[in-house]
Each structure stands twice: as C-alpha cells, then as structure tokens.
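Colleague: Position 17, counted from 1, in the sequence shown is what my numbering calls 226; the numbers after and before it change by one each time, with no gaps.
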Amino acid sequence: MARDEHLPWVIKYRPKCIDPKPGCVMPVVDQEQAKRLFVPWLKQWLSGRPPEKKAALFYGPPGCGKTSLVEAAAHEYNLELVEMNASDFRRKEDIERVAKVAATQMSLFGRKKIILLDEVDGISGTADKGGLDAILNLIEVTRHPIVMTANDPWDQKLKPLRDTSLMVPFYRLSERYIVEVLSRICRAEGVKCEHEALELLAKKSEGDLRSAINDLQAIAEGYGEVTVHLVQALVASRDREYSPYEMLDHLFKSKYAWQAKRAVSHANLDYETLLQWINENIPVAYDDPEDVWRAHEALARADQYLGRIRKTIDWSLLAYVFDLAGPGVAMARKRSRIRFRYKFQYPEKIKMMAQTKELREIREALAAHLAPKLLVSKRRFRTEVLPFLQIIFRYNPRYAARLAIGYNLTERMVKYLAGPAANEVLEHMRLLLLRMEKPKTAAEAAREERAAARAETAAATTASLEAAKTTRSTRRRRTTTRRRRTTRSSGQRTLF
Ligand SMILES: Nc1ncnc2c1ncn2[C@@H]1O[C@H](COP(=O)(O)OP(=O)(O)OP(=O)(O)O)[C@@H](O)[C@H]1O
Ligand SMILES: [Mg+2]
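1) Compute the beta-carbon to beta-carbon distance between residue 602 and residue 630, rounded to the nearest angstrom, for a pair I have assumed lies under 8 Å.
2) Where does residue 321 fall in DSSP's three states?
3) Look up residue 402 in the DSSP assignment and say whether it is helix, strand or coil.
4) If we count Cβ pairs, one from each stretch, closer than 8 Å, do we get three or more for the stretch 565–580 versus the stretch 512–532?
5) What is the rounded straight-line gap between the Cα of residue 503 and the Cα of residue 541?
6) Taking residue 261 as the reference, which of 270, 269, 255, 250 has the closest Cα?
7) Using the beta-carbon count (16 or more within 10 Å), is residue 547 buried or exposed?
8) Cα separation between residue 683 and residue 666?
9) Using the rule of at least 16 other Cβ atoms within 10 Å of the residue's Cβ for burial, across every protein chain shown, is residue 237 buried or exposed?
10) Can you find a heavy atom of ligand 2 that lies under 7 Å from the Cβ of residue 327?
11) Where does residue 232 land, buried or exposed, given buried means 16+ other C-beta within 10 angstroms?
12) Using a Cβ-Cβ cutoff of less than 8 Å, which residues in the same chain neighbour residue 227 once the five nearest sequence positions on both sides are dropped?
13) Using a Cβ-Cβ cut-off of 8 Å (strictly less than) and excluding sequence neighbours within five positions of residue 591, which residues of its own chain qualify?
14) Per DSSP, which residues does residue 451 bridge with? Please list them.
15) Could you tell me whether any non-hydrogen atom of ligand 2 is closer than 7 Å to the CB of residue 358?
16) Could you tell me which residues DSSP pairs with residue 355 in its beta bridges?
17) What separation, rounded to the nearest whole angstrom, lies between the Cα atoms of residue 217 and residue 452?
18) Does the Cβ of residue 582 lie closer than 7 Å to at least one heavy atom of ligand 2?
19) Out of 379, 641, 613, 305, point me to the one whose CA is closest to residue 346's CA.
20) What does the Cβ neighbour count give for residue 634, buried or exposed, with the cut at 16 atoms within 10 Å?
21) Helix, strand or coil, according to DSSP, for residue 378 in the structure here?
22) If we count the other Cβ atoms within 10 Å of its Cβ and call it buried at 16 or more, is residue 607 buried or exposed?
23) Are there 16 or more other CB atoms within 10 angstroms of the CB of residue 471, so buried, or fewer, so exposed?
24) Given 7 Å as the limit, tell me if residue 587 has its C-beta closer than that to any heavy atom belonging to ligand 2.
25) Mind checking who residue 290 pairs with in its DSSP beta bridge?
26) Taking the alpha-carbon of residue 643 as reference, which of 534, 614, 379 has the nearest alpha-carbon?
27) Say yes only if the C-beta of residue 223 is nearer than 7 Å to one or more non-hydrogen atoms of ligand 1, and no if none qualify.
28) When you compare the CB positions of residue 549 and residue 493, do they come within less than 8 Å of one another, or not?
29) Note down the Cα distance separating residue 348 from residue 303, rounded to an integer number of angstroms.
30) Where does residue 369 fall in DSSP's three states?
31) Could you tell me the alpha carbon to alpha carbon distance between residue 193 and residue 405, rounded to whole angstroms?
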C-alpha cells in the first residue's frame, strides 16, 4: 500500500474487471458497444477456435478506456499481457522479434496470452511501412488474440489493418460515468470532494477520464480537498481536435450555434475533407427532406467560400466557411429528431479518390512529361490530347510502340494509355528496341553500303541534270544577276 501512495491515480485505479461484480471496485465503465463486440470475440479465442478476424482494432478518443479494457480482460481471464507501444513499432525487426515469439509460442505453465499493440496509428508514416507489414504478418501467424488501439484509425495507410481486424469503436465517456469514477476515487482516497466540483471536472475533461483523474489528483494533493472554486481556478478547458466521427457527433447534436462552430473548427481534417464528411452524412443525421435540403444549401455556400479562398488566398473568409458548415448545417434541423447514436459513414468520395489515386498520379506524370514536348498546357493535354493518345494506344499498338519509345514513356504510362492492349504495345516496343540495338551482320552492312552508294550516284546525277538545266536557262536569259543566283543554287544542290 505504501508503494501505491506515490502512484499516479490513473494507474492505481486502473480497471480490473470488464463489468461491475462483487469484489471488483474498478470496472470498465460505459463502452457497452465495445464490450458487446470484444468479449464474444475474446471468448472464441479462449475456447480454442480462433475467430475469422484474428485481431481487433480498438479506436476512439484518448482516455476513454481502450487500453483499460484490454488490461481488464487480461486480469479477468488470467491472461499474460504482452504489450508493445508505438515507439517499439519503429523498427520492423523489433516487432518481428518480440511479437512473433509471443504470437507463436505458448507460455510457460500453459497460461494464455493476449497481445496488445498500443497506439498503432503512430506508425502511419511511410518510413514505418516495414513496421506495418510486420504487424500484418503477425496477425496472419498469431496463435493468440491481438488487440490494437488507435485514436484515429482512418488514415489511408492503416487500411490493411482495418480490413483484417474486428473494428471496435469507443466513445467519449459521458459526464455521468466520469463523475461516478471520480467520486469512487475520492471515497477510496478519503478526500473531501464537492459533487458539483466533480461535475465541473467531468465537463471540462470532454469525455477523457484520464485527464479528469489527473486533474482530480493534482487538486486533491495540492489543496487536500476538491471544490468548485478550485476547479474553476485551476483547470483550463481542453481545446482538443476532433476526429471526423466526433466532429459529426458534436455537429449534429449541437443545440447552440457556438457548439456547431466549435465542432467544425476543431476537426482534425483539412477543409475540403471536412466538407466531404459533412456532405455525405447530412442524410444520415436528418430524415426530413427539407432539413436535408437546407443543410446542403448551407454547405454548398461554405464550399463557394472555400473556392474563393483558394482563388484569392484571402483567409479572412474562413470564418464564413465555418459558420456555414457548422451552425448553417446544424441549424438546418427543423423536424428531424436528434438520435442518441448515429451511424455516420466514411465518405464514398474519399474512398473513391483513394482508390483512383494511382491513376490520377500517372495521368499527372504523363501531362508533366508530354505537355512541354507537345507545346500545350497540361490542362489542354488532359482534355484534348490524352483521349486521342489513349485511342491510338488501344487500337494501333505498333504505332503506339514507336510513340512510346520516341517520347520515352515509362511502362506504367504505357499501361495506363493502352489499357487492355498494354501487353501488345509493350511487346512491339520490345521488338523495336531489339531491332534498334541489334549489331549489323556483314551482309547487312554490305547491303547498306551498296544502297548508300546508289543513293549518292542518284543524287549526283540529279544535281548535274539540274546544273545543266540551269546553265541552259541562264544562257537563254543572258542576265548576269539571274546567272549569279542560279549558279549559287546549283552549287547548293550539288553539295546536298
Ligand atoms: N471506460 C473506463 N472505465 C474505467 N476507467 C477508465 C475508462 N476509461 C479510462 N479510464 C481511466 O483512465 C485511464 C486511461 O485510460 P486508457 O488508458 O484506457 O485510455 P485509452 O482509451 O487507452 O487512451 P489513449 O488513446 O490515450 O491511449 C485508465 O487508467 C483508467 O484509470
Ligand atoms: Mg491507450
């Protein structure tokens, strides 16, 4: 107990069980949906029949119980917790060494394991591609349940993880649950806490229990009691960024204009993506057609302002974008009911853009490569030249091969232009290049020499004929100037 006295309370009061039960003071509160998805999945693992998805991805805002639920499960089912953190993912070998051993060997004394890869969104950079592959490989070979956690799992680079995992959402904790945990801690610590002070702490934490507990401990240890006055004076409101889902949740549940504006201006998204998320989720949040129409109207105007900012670089207009996309959309609700939980969706357009990203990149590379050579703008190239090039490449592979070699196109560019005829074009290119590189045989060289000699004689004959013609005409006209000119030109012809 003496050792516990210096522990941060977030560690000291970590949940030890999933649901409340006798003998367990600290259960994981709230997060019913996560528990409903996770517990049967884990039980299937423990019964010896691994589920189809061998990994689970817990995602949601900070301090709401993702890591806690894994720890509580390990405690409750007596599992050995093998934990890796974002900093360990940096190197592929580290994951392979530590995690693979854990994933393939049974524990001593037959104790089962659960593997926790905490904060996998920390590995979304390209430099960590190897780390990501190693995790995917680990999921394939594992003999133990793997749980990953992330605040923002929607990064495109994490898509392979999303596809192979059971997605388990976590939400900001409601104030009621935060107050419940805080007062339990106050009782356990014997600290006098005003109920309203705990409510205020909960409000300021914005659903992040970790920060609420830390604030509680700081005040309690500093002042021996927790009062409204102290909370007001000491705890600043948190100004955090919202994930797309949180932003939508705040936006469509806001009662006041300032709440809606705050939701959009604190979103962790670039402005175009922000409008896209709202756009595709308006029909999810509103069921009344007129509400939907009003919301789209406001959003369209926000988009116009954004366009104007792009053209004029006048960022003072950004306030209007937020006003229209936030309060404009939120206040469009006249008849639709506010629901407790919405099923917001990932925007189709963003998904599609991600899928066509590679094609768009090749098209851009082609424009950058060919537009200057053809003396047209990139835009004109895309709209007027590219369609014809595609037709040539698809229907005249032999000619296309010559163009491709002449313009030095890469294989990816040829494939993009030729589509289904790509193999044919590439084959013609190969033959052409071979012919261009092939050394001449003696017979070919002799044939070429003879042809060159023939061409030379022919040229000489033409030249002398021309010269004779000019001399005749010079004599006929007998003008000195003409004669001079004709002599010069005949001289040129002979040279040629
Ligand atoms: N649902 C919860 N029930 C009980 N305690 C919780 C809950 N959520 C958070 N806590 C408390 O907050 C602390 C931090 O929670 P936890 O580590 O689970 O957050 P997290 O969701 O993993 O956050 P992060 O995304 O920052 O890693 C825990 O030690 C626990 O004391
Ligand atoms: Mg965590």
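Cβ atoms here follow ideal geometry from the backbone N, Cα and C, with glycine treated the same way.
Modeller: Reading it off the structure:
1) 7 Å
2) coil
3) strand
4) no
5) 5 Å
6) 250
7) exposed
8) Per-residue confidence for residue 683 stands at a pLDDT of 47, beneath the threshold of 50, marking its modelled position as unreliable; no derived number is given.
9) buried
10) yes
11) exposed
12) 236, 237, 244, 248, 278, 281, 282, 285
13) 572, 576
14) 476
15) yes
16) 264, 324
17) 28 Å
18) no
19) 305
20) buried
21) strand
22) exposed
23) buried
24) no
25) 323
26) 614
27) yes
28) no
29) 15 Å
30) helix
31) Since the displayed the chain opens at 210 and closes at 705, residue 193 lies outside it and no answer follows.
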